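*Asks:*
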Amino acid sequence: MNNETRALYEELLNNCQEHYDDLIGRGLSETEALDAVVESLQGMKEVIDEYPKKASPAPSGIPEADPKKPAELESRQPDPVPGDQVFPAENLRSIVTELRNCDVTLNRSRDGLIHVRSENPDLYHCEFNGTCLHVIQNNHKMNEEFNMQPEDMSIKGILSFVGKVISKTAGSITEQTGIYIDIPETSLDEIRSSSLSGDIDGCHLSAEKVLLSTTSGDISFSFSDTMKAGRFVAKSTSGDISLHGNADETEINSISGDVNLFGNSQTAVLKSTSGDVRMEGCTSRLSAHTISGDQYLSVRNTDIRNIEAASTSGEVEIHLPDGIPGIHPAMRSVSGSLRCRYPDSGSGASLQIRTSTVSGNIEIC
Numbered sequence: 000m001n002n003e004t005r006a007l008y009e010e011l012l013n014n015c016q017e018h019y020d021d022l023i024g025r026g027l028s029e030t031e032a033l034d035a036v037v038e039s040l041q042g043m044k045e046v047i048d049e050y051p052k053k054a055s056p057a058p059s060g061i062p063e064a065d066p067k068k069p070a071e072l073e074s075r076q077p078d079p080v081p082g083d084q085v086f087p088a089e090n091l092r093s094i095v096t097e098l099r100n101c102d103v104t105l106n107r108s109r110d111g112l113i114h115v116r117s118e119n120p121d122l123y124h125c126e127f128n129g130t131c132l133h134v135i136q137n138n139h140k141m142n143e144e145f146n147m148q149p150e151d152m153s154i155k156g157i158l159s160f161v162g163k164v165i166s167k168t169a170g171s172i173t174e175q176t177g178i179y180i181d182i183p184e185t186s187l188d189e190i191r192s193s194s195l196s197g198d199i200d201g202c203h204l205s206a207e208k209v210l211l212s213t214t215s216g217d218i219s220f221s222f223s224d225t226m227k228a229g230r231f232v233a234k235s236t237s238g239d240i241s242l243h244g245n246a247d248e249t250e251i252n253s254i255s256g257d258v259n260l261f262g263n264s265q266t267a268v269l270k271s272t273s274g275d276v277r278m279e280g281c282t283s284r285l286s287a288h289t290i291s292g293d294q295y296l297s298v299r300n301t302d303i304r305n306i307e308a309a310s311t312s313g314e315v316e317i318h319l320p321d322g323i324p325g326i327h328p329a330m331r332s333v334s335g336s337l338r339c340r341y342p343d344s345g346s347g348a349s350l351q352i353r354t355s356t357v358s359g360n361i362e363i364c
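Residues 0 to 364 (numbering that gives the first Met the number 0) are what the sequence shown spells out, left to right.
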């Protein structure tokens, strides 16, 4: 191996390792750091295409580069027949998913069995002990991703090496491959799903406890029309969150995404920093907080007891049904307007409302 080839090889490996170590030092998990390093390799193909090469054919698996423009990544096409893993559901009590950059969709099964499938079956693996189904996205280890045999230390070998890495990982980065889980119509003890950048969708399901979290993906979940959850918790950093259905306790929190609750909840806590908050349904106690996002709260039951709504610069709009025995609205704003169409029944009223903004308007109607 000549000096030029060794320098290119060592620079590639060292840069990847240094980038990985730097991300770990900044507090990222091993999975997050690895995903960032692999994503950075997508630009490596363009750089290599500009490297002087002989007029010999490209290595097997690497397409010929167009000299007029950078070669584009060729994502692997998934099998047209999705893989399907089937499990018995008689004793199923919980569903747990741990994903990074792929979407997950949970639906109602039509045949009484559990089905797990994806266009890329190698993306994940399942662990099932009879009562709990655990779906985990496969983790590519650092030493597996960046391992090159000594006999491949040539320009041709490096081209092949980078091509294999990109080919192996581009599918999970650029295709947004999804995992689909079908569950029979039954009430589970728990549904728990987490993801970094993938969306989480659930439709017509039922569980005593539902815990969902994602960093940049959206969350959309609906409960069965005939059942409700004991507790529903959903959190996201930049994704939107929507819940359709009923729960005893609901907590939804997003930093920059919108928060939506369409259904009934004994207690509901809805928070977003810069996103909007919207609620339509029945509740006994409702708490909504935003910084710059607007709030639209439409309560449909007359036995509601408490509403707290606070925003810095967002608008607060509360709609109440006719027939509430008495209302005590405590409204405060520094520069926004205040409006309430109901008379103040005093501190002993059945419904206590506390709303505050700095510059946003408040309206109770």
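We put the CB at the ideal spot given by N, CA and C, even for glycine.
Just so we're clear, the structure is a prediction, and the values are computed from it rather than from any experiment.
1) Could you name the residues of the same chain whose beta carbon sits closer than 6 Å to that of E150, not counting the 5 residues immediately before and after it, in chain order?
2) Just to check my reading of the structure: G274 and G262 have Cβ atoms closer than 8 Å, yes? What is that Cβ distance to the nearest angstrom?
3) Straight-line CA distance for G322 to K208?
4) Take the Cβ of H124 as the centre, count every other Cβ of all protein chains shown within 10 Å, and call the residue buried at 16 or more, exposed below.
5) Exposed or buried, which one is T289 when buried takes at least 16 other CB atoms within 10 Å?
6) Could you check where the beta strand (DSSP E) with S283 kicks off and where it finishes?
7) Quick one: what does DSSP say S349 is sitting in, helix, strand or coil?
8) In angstroms, rounded to a whole number, what distance separates the CA positions of T354 and A309?
9) Check for me: the beta strand (DSSP E) holding S192 runs from which residue to which?
10) Quick one: grab the DSSP three-state call for E184.
11) To the nearest angstrom, how far is it from the Cα of Q16 to the Cα of I23?
12) Using C-beta distances below 6 Å, list every residue in its chain close to L285, excluding the 5 sequence neighbours before and after it, in chain order.
13) Measure the C-alpha to C-alpha separation of T311 and L105 and round it to an integer number of angstroms.
14) Which same chain residues, not among the five before or five after K67, have their C-beta less than 8 Å away from its C-beta?
15) If you draw a straight line from the alpha carbon of A287 to that of D217, how long is it in whole angstroms?
16) What does the alpha-carbon distance come out to for the pair D293 and G280?
17) To which residues does DSSP link V333 through a beta bridge?
18) Look up T272 in the DSSP assignment and say whether it is helix, strand or coil.
19) Please identify the residue among S283, L260, S264 and T282 whose C-alpha is closest to the C-alpha of V276.
20) Kindly confirm or deny that the segment 345–363 and the segment 312–319 touch, where touching means at least three C-beta pairs closer than 8 Å.
21) Under a three-way DSSP split, which group does G177 fall into?
*Replies:* Let me lay it out:
1) With a pLDDT of 49 at E150, under the threshold of 50, the predicted position of this residue should be treated as unreliable, and no value is reported.
2) That pair is no contact at about 19 Å.
3) 33 Å
4) exposed
5) buried
6) T282 to T289
7) coil
8) 5 Å
9) L187 to S194
10) coil
11) 11 Å
12) Answer for L285: A267 and I306, listed in chain order.
13) 37 Å
14) With a pLDDT of 36 at K67, under the threshold of 50, the modelled position of this residue cannot be trusted; read the value that follows with caution. Cβ contact annotation for K67 (same chain, cutoff 8 Å, sequence separation greater than five): none.
15) Looking at the two C-alpha atoms, the distance is approximately 20 Å.
16) 18 Å
17) Answer is none; V333 lacks a bridge partner.
18) coil
19) L260
20) For the pair of segments examined, the segment 345–363 was found to touch the segment 312–319: the number of CB pairs separated by less than 8 Å reaches three.
21) DSSP places G177 in the strand class (E or B) of the three-state scheme.
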